[in-house]
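Residue numbers (the numbering used here): 71 to 560.
Note that the Cβ used here is the ideal one computed from N, Cα and C, for glycine as well.
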Ligand code: GLN
């Protein structure tokens, strides 16, 4: 039998349905790939026994011609999603051996659609990072390497998800995106990822980072695969008051809509000093591809873009500091006993949180404190409104935007970790979609001069993932990106 780990999710689901192979067979093939890829450190927890049990159950359903949208497909779960009886760490020491007694809405929906869950994927601690270097469980290594062979970061915070998908250890993986954590790792690993509209997917049971920005989505190897996965992840949930009670369109069908007659906006502000010229060239190439496919190109301006990153790095830590207040060593997670209650809180939190998380808590409490609230937090909220208004003005002229996903390709492990501001600059083109709540997708389109993948981003109107999928699929088709990382890890 040919290597089942090389299939797309779409092809695997078709093969399972027509019984070309069983779920147990394709699951075993992926378990083997996960074991061989252990040095990439993509998984925090593997759950192979339960995966094989789920696969057997899927095979029984498939034999009867039954089964859901993901029936029998081995997938990975970012370790930010609570999974019943399976350790959930959020990449942090503070959660200790936390085994949730409940399932996140998203993972529950995917399970009822027949997913086979291989395990929980590594991430930056509490999803705070752009390189997957802040995880308590160690850095994830990008399967891609340049000529010099130095280990590269896979991006973050969904670095484990992106690596597992790029290295064919699963057919697709869940991820989350607060400021770019789906799209930036996708760009760094030659994979595809969509952050849907804020409210499209339920956040119930997803460990909170910054609640007004957090949104889940898939990382996959093709645009169609992302559409298939999102179909199972999306939907209204009474348990999340911010989830939107709207119908979920047929995302996979939207991939075939084409871009004829679509107006694609090019925001002139999406460039920065020091950005490699080849990213600019690639952007121009992307414009040409969409034009050739029948889209009309229009120039637009998003004048407040330059304030997005500072606003994000105030709003996100502010919300994080409040969300992380619950980790006090009392109800769950690690406790370090002290002299009295406060001392216990302090010791538990000082020991349990890593450096980046502590930094965010300090920034967050500072910008929310009396005297600084107006100067920082309130100001950032005003900027956020301006950014949303910029997009609204752009939508008068166009139906979607095309931009680079990131200002660089993957960088070396350790290169930016001691310089938070340089690290934060990575998110310059992705945070705007979170601040405005818009759907945005990264599509791998090319390799740079060092042989590393680069992505382009499509941003759409709120709740218009269909146009995002259509434009992304057109880009994917034109780019015909088929490069694969050399399998040095196996
Ligand atoms: N890199 C950004 C941060 O560190 C975004 C993280 C995310 O989207 N979860 O805040």
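Original post:
With distances taken from CA atoms, which of 489, 527, 112, 379 is nearest residue 349?
Top reply: Measuring from the Cα of residue 349, the nearest candidate turns out to be 527.
Original post:
DSSP state of residue 437, grouped into three classes?
Top reply: In this structure, residue 437 counts as helix in the three-state DSSP scheme.
Subject >> Chain-order list of residues whose beta-carbon lies under 8 Å from that of residue 379 (same chain, five-residue window excluded) >> reply: Once the five neighbours on either side are set aside, the close Cβ partners of residue 379 are 494, 495, 497, 498, 501.
Original post:
What do you reckon, is the C-beta of residue 239 under 7 Å from a heavy atom of the ligand GLN?
Top reply: Flag unset: Cβ of residue 239 not near the ligand GLN.
**OP:** Using 7 Å as the cut-off, classify the Cβ of residue 563 as near or not near the heavy atoms of the ligand GLN, replying yes or no.
**Re:** Any question about residue 563 goes unanswered here, given that the chain covers just 71 to 560.
Subject >> Nonlocal neighbours in the same chain, by C-beta distance under 8 Å from residue 173, ignoring five residues either side >> reply: Around residue 173: 152, 153, 154, 181, 275.
**OP:** At 3 residues or longer, and completely inside the stretch 134-180: list those beta strand (DSSP E) runs for me, N to C.
**Re:** With a minimum length of 3 residues, the continuous beta strand (DSSP E) runs that stay inside the stretch 134-180 are 144-148.
**OP:** Tell me, to the nearest whole angstrom, how far the beta carbon of residue 503 is from that of residue 458; I am working on the premise that it is less than 8 Å.
**Re:** At roughly 11 Å, the Cβ-Cβ gap does not stay under 8 Å, so residue 503 and residue 458 are not in contact.
Original post:
Leaving out the 5 sequence neighbours to the left and right, which residues in its chain are closer than 6 Å to residue 137 when beta-carbon positions are compared?
Top reply: Apart from the 5 residues on each side of it in sequence, residue 137 sits with its Cβ closer than 6 Å to the Cβ of 131, 184 in its chain, given in chain order.
Original post:
Heavy atom of the ligand GLN less than 7 Å from the Cβ of residue 497, yes or no?
Top reply: True, at least one ligand heavy atom lies under 7 Å from that Cβ.
Original post:
Per DSSP, what kind of secondary structure is residue 244 in: helix, strand or coil?
Top reply: In this structure, residue 244 counts as strand in the three-state DSSP scheme.
Original post:
Got a sec? Which residues, its chain only, sit under 6 Å from residue 99 by beta carbon, not counting five neighbours each side?
Top reply: 74, 75, listed in sequence order.
**OP:** Can you give me the Cβ contacts of residue 451 inside the same chain, cut-off strictly under 6 Å, excluding the 5 residues immediately before and after it?
**Re:** The answer is none, since no qualifying residue turns up.
Subject >> Minimum C-alpha distance to residue 428 - residue among 217, 546, 195 >> reply: Selected option, being the one with the closest Cα: 195.
Original post:
Are there three or more Cβ pairs, one per stretch, closer than 8 Å when the stretch 211-231 is compared with the stretch 249-261?
Top reply: Enough Cβ pairs lie closer than 8 Å, so yes.
**OP:** Starting from the Cα of residue 511, find the closest Cα among 525, 318, 519 and give me that residue.
**Re:** Here the closest residue by C-alpha is 525.
Original post:
Are residue 296 and residue 112 touching if we call contact CB-CB under 8 Å?
Top reply: For residue 296 and residue 112, no; Cβs fall outside 8 Å.
Original post:
Is there contact between the stretch 429-444 and the stretch 387-396, where contact requires at least three CB pairs shorter than 8 Å?
Top reply: They touch, by the three-pair rule.
**OP:** State yes or no: is the C-beta of residue 121 within less than 8 Å of the C-beta of residue 193?
**Re:** When the beta-carbon positions are compared, residue 121 and residue 193 stay at least 8 Å from each other.
Subject >> Delimiting residues of the alpha helix (DSSP H) encompassing residue 475 >> reply: Here residue 475 belongs to no alpha helix (DSSP H), and DSSP marks it neither H nor E.
Original post:
Quick one: is the Cβ of residue 480 within less than 7 Å of any heavy atom of the ligand GLN?
Top reply: Outside the cutoff, so no.
**OP:** For the alpha helix (DSSP H) holding residue 490, just list the boundary residues, first then last.
**Re:** For residue 490, the enclosing alpha helix (DSSP H) has its first and last residue at 490-495.
**OP:** Flag residue 250 as yes when its Cβ comes closer than 7 Å to any non-hydrogen atom of the ligand GLN, and as no otherwise.
**Re:** Within the cutoff, so yes.
**OP:** Tell me whether residue 320 is buried or exposed, calling it buried when 16 or more other Cβ atoms sit within 10 Å of its Cβ.
**Re:** Classification of residue 320: exposed, given that the 10 Å Cβ count is below 16.
Original post:
What is the DSSP secondary structure of residue 189, reduced to helix, strand or coil?
Top reply: Strand.
Original post:
Is it the case that the Cβ atoms of residue 97 and residue 156 are separated by a distance below 8 Å?
Top reply: No; because the gap between Cβ atoms is not below 8 Å, this pair is not in contact.
Original post:
Quick one, which of 425, 475, 146 has its alpha-carbon nearest residue 244's?
Top reply: Closest in C-alpha terms to residue 244, from the list 425, 475, 146, comes 146.
**OP:** Just tell me which of 318, 323, 186 has its CA closest to the CA of residue 124.
**Re:** Distances from the CA of residue 124 to each of 318, 323, 186 were compared; the closest alpha carbon is that of 186.
Original post:
Is the beta carbon of residue 97 within less than 7 Å of some heavy atom of the ligand GLN?
Top reply: No, the Cβ of residue 97 stays beyond 7 Å of every heavy atom of the ligand GLN.
**OP:** Report the residue ranges of all alpha helix (DSSP H) runs contained in full by the stretch 299-339; include only those spanning at least 4 residues, in chain order.
**Re:** For secondary structure counted as the alpha helix (DSSP H) over 4 or more consecutive residues, the stretch 299-339 holds these complete runs in sequence order: 321-324.
Original post:
If you run the structure through DSSP and keep just helix, strand and coil, what is residue 352?
Top reply: Here residue 352 sits in helix by DSSP.
**OP:** Quick one: grab the DSSP three-state call for residue 516.
**Re:** For residue 516, the secondary structure class from DSSP, reduced to helix, strand or coil, is strand.
**OP:** Just the C-alpha distance for residue 294 and residue 80, rounded to the nearest angstrom, thanks.
**Re:** Rounded to whole angstroms, the gap between the alpha carbons of residue 294 and residue 80 is 7 Å.
Original post:
residue 455 by DSSP, collapsed to three states: which one?
Top reply: Of the three classes helix, strand and coil, the one that applies to residue 455 here is helix, per DSSP.
Original post:
Any chance the CB of residue 73 is under 7 Å from a heavy atom of the ligand GLN?
Top reply: Not under cutoff, so the answer is no.
Subject >> 8 Å Cβ cutoff met for residue 227 and residue 209 >> reply: The Cβ-Cβ distance between residue 227 and residue 209 does not fall below 8 Å.
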